[in-house]
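A.B. asks:
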Amino acid sequence: MPDLELTPEVAWALATGGPWPNPAELEGDARFMALALQEGLKGVGFASPNPPVGCVLVREGRVIGAGVHTRAGDPHGEIMALRDAEARGEDPKGSEAFVTLEPCCHHGRTGPCTLALIQGGVARVVVGVRDPNPRVDGGGLAILRAQGIAVKEGVLGEACTRFHAPFFKYIRTGLPWVTLKLALGSDGSLGPVGQTTKVTPPYVQRLAHALRRASEAVVVGRHTIEVDDPQLTDRWPAPSAPHRSFSRVILDEDGQLPAIARVWAPVAGQPVFRAVTGDPVPQRGVEDLHLPPEGRGCSLRHLLYELAAMGVGRVLVEGGGTLAGSFLSQGLVDEFHRFQSDLPALGPSLNLPIPAAWLLRASARWPTGRWEVWR
Ligand SMILES: NC(=O)c1ccc[n+]([C@@H]2O[C@H](COP(=O)([O-])OP(=O)(O)OC[C@H]3O[C@@H](n4cnc5c(N)ncnc54)[C@H](OP(=O)(O)O)[C@@H]3O)[C@@H](O)[C@H]2O)c1
Ligand SMILES: [Zn+2]
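Under the working numbering, think of the first position of the sequence shown as 9, with each following residue one higher.
(1) Residues in the same chain with beta-carbon distance under 7 Å from E47, minus the five sequence neighbours each way, listed in chain order, please.
(2) What residue range is occupied by the uninterrupted beta strand (DSSP E) comprising C121?
(3) For P60, which of A95, E161, A173, G119 has the nearest alpha-carbon?
(4) Considering only the beta carbon of each residue, do S357 and S197 sit closer than 8 Å?
(5) Leaving out five residues on either side along the sequence, give the residues of the same chain with a beta carbon under 6 Å from the beta carbon of P301.
(6) What residue range does the alpha helix (DSSP H) around K177 cover?
(7) How long is the line joining the alpha carbons of V133 and G339, rounded to whole angstroms?
(8) Going along the chain, which residues put their C-beta within less than 5 Å of some heavy atom in ligand 2?
(9) Between S255, L331, E343, A267, which has its C-alpha nearest L297's C-alpha?
(10) L412 bridges to which residues according to DSSP?
(11) Can you tell which of A191, G199, P200 has its C-alpha closest to the C-alpha of A216?
(12) Output the boundary residues of the beta strand (DSSP E) element that contains R256.
(13) Would you say L259 and G305 are within 8 Å of each other, going by their C-beta atoms?
(14) List the DSSP bridge partners of A283.
(15) Thinking C-beta only, is F347 closer than 8 Å to V212?
(16) With a threshold of 6 Å on Cβ separation, who are the neighbours of V294 within its own chain once the five nearest residues in sequence on each side are excluded?
(17) Could you give the DSSP three-state label for V8: helix, strand or coil?
(18) Please state the DSSP three-state secondary structure of I72.
(19) Let me make sure I understand the geometry here. Which of I179, G193, A316, I126 has the alpha-carbon closest to that of E224?
(20) Is the CB-CB distance between S220 and W185 below 8 Å?
(21) Do you know offhand how far V207's Cα is from A353's?
(22) On the DSSP letters alone, give me the boundaries of the alpha helix (DSSP H) that H310 sits inside.
(23) Please report the residue range of the alpha helix (DSSP H) in which E47 lies.
(24) I believe A276 touches R292 by the beta-carbon criterion, under 8 Å. Please report the beta-carbon distance rounded to the nearest angstrom.
(25) To the nearest angstrom, report how far apart A365 and L265 are at their CA atoms.
(26) Just list the residues that DSSP pairs L192 with in beta bridges.
(27) Which residues in the same chain as E98 place their Cβ atom closer than 7 Å to its Cβ, once the five residues preceding and following it in sequence are excluded?
(28) If you drop the 5 nearest sequence neighbours on each side, which residues of the same chain put their C-beta closer than 7 Å to that of S56?
(29) Going by beta carbon distance, what residues of the same chain come within less than 6 Å of K101, once the five residues before and after it are set aside?
(30) By DSSP, does G355 sit in helix, in strand, or in coil?
(31) Report the rounded CA-to-CA distance for E326 versus L188, giving the unit in angstroms.
(32) Can you tell me which of G26, L149, L14 puts its alpha carbon nearest to the alpha carbon of L49?
(33) Can you find the residues in the same chain that come closer than 8 Å, C-beta to C-beta, to G146, ignoring five residues on each side of it along the sequence?
(34) Name, in chain order, the residues that DSSP records as bridge partners for V159.
(35) I'd like the list of long-range same chain contacts for A445, defined as Cβ closer than 7 Å, with 5 residues on each side in sequence excluded.
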């Protein structure tokens, strides 16, 4: 039996790094920051490589505007919240802004949010976490303070840091955030070699689909396509619309997969890529990513840089075991969703190089600890 009901909302929270603070259980600044996080959640899977910053504007304890950043080049969460207030006929003058991440102070593709907040007459700005981007890094807070605006930082700081961890990694390393998902039997196996094994019950598959929705790319090894013939598409019905690009990447370095594999079939908004090391015969409608050879096939680090260059901020690795082992042994995994059944899958044990802290009999998130999905 599941520990908790895996509703679409719970699945979305888990897939995005939650569980997240519940505004209904909080008071004061923390309550409004929890609401700003709820706004931010609407931008996951859309905003990359930018952070999905959420913002709410509050006056006399009442939310007068809310916004989120959903696409690089579009206005940031603060500006969306100011526009929302205007659309509701509310005046932001004298209000408080709750923002998951420090407001930006540089001219990117949009004007600086600090300026918009100042011009909007916002009197107090509450920030979840500082933006480590060297172009901001405390500069946004300093500008606001210099204008006489009251500034408080670190409200729900742990949750906001966890929420923006993919962006922080991208800023510091240039690499996207990597989530590994595997469904294992009680014997630690994926099932007999060369055979499809249904380890995951349908209600847990909902979480697997939420993980795809939260990512901009999914990666699998060649044998997974051979054995399971999956489509690898994002087809989760809730809670957000799939109106952004979702790349499906297959590691098939010598181009051995047949043209009839279902994954090659074109799907609008979900391009499919073949990661190759040589010059194999082209696969119709499929773009090749040329990578240097390394280890069991393609260089995974190069693949991640290629994906980052395409604007991918979050990558989901869906297996199989060989590919999972390569990502883990190279230290390229940031987060592991382990779904483990009570029943044996009756195949070879994987013996993956998973750090001890991850050996939890649950779907777990590292390093923030354990979250049971079922036992
Ligand atoms: N339960 C789950 O969560 C889950 C998820 C996915 C798959 N599966 C199961 O897992 C099985 C397939 O897994 P598998 O371990 O046999 O194969 P795999 O991980 O799906 O594919 C591995 C292959 O990918 C290619 N590759 C290219 N670059 C690589 C790199 N850097 N590191 C590793 N591989 C690279 C290699 O192809 P070459 O052989 O051409 O060199 C390699 O043999 C299937 O039975 C499937 O049903 C289970
Ligand atoms: Zn901004």
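Positions of the beta carbon are idealized from the N, C-alpha and C atoms, including for glycine.
C.D. replies: Working from what's here:
(1) G62, C63, V64, A74, G75, V76, G85
(2) Premise fails: C121 lies in the alpha helix (DSSP H), 121-127, not in any beta strand (DSSP E).
(3) A173
(4) yes
(5) T285
(6) 173-181
(7) 38 Å
(8) H84, C112, C121
(9) S255
(10) This structure leaves residue 412 out entirely; the chain is present only between 9 and 383.
(11) Minimum Cα distance to A216 is reached at A191.
(12) 255-259
(13) yes
(14) L259, L297
(15) Contact: yes.
(16) W272, V280, R282
(17) Nothing can be reported for residue 8: it is not among the residues displayed for the chain, which extend from 9 to 383.
(18) strand
(19) A316
(20) In the sequence as displayed, the identity of residue 220 is Arg instead of Ser. Taking 8 Å as the Cβ cut-off, R220 and W185 do not qualify as a contacting pair.
(21) Distance between the alpha carbons of V207 and A353 is about 7 Å.
(22) 308-317
(23) 36-49
(24) A276 to R292, Cβ: 17 Å. No contact.
(25) Low per-residue confidence applies at A365: pLDDT is 43, beneath 50, and the placement is therefore not dependable enough to give any value.
(26) Q348
(27) Taken in chain order, the residues that qualify are I72, G73.
(28) E224, G319, V320, G321, R322
(29) Contacts found: G129.
(30) If DSSP states are grouped into helix, strand and coil, G355 belongs with coil.
(31) Each residue's Cα considered, the two are about 6 Å apart.
(32) G26
(33) E110, R138
(34) V133
(35) The shown model of the chain, from 9 to 383, leaves out residue 445, and the question about it has no answer.
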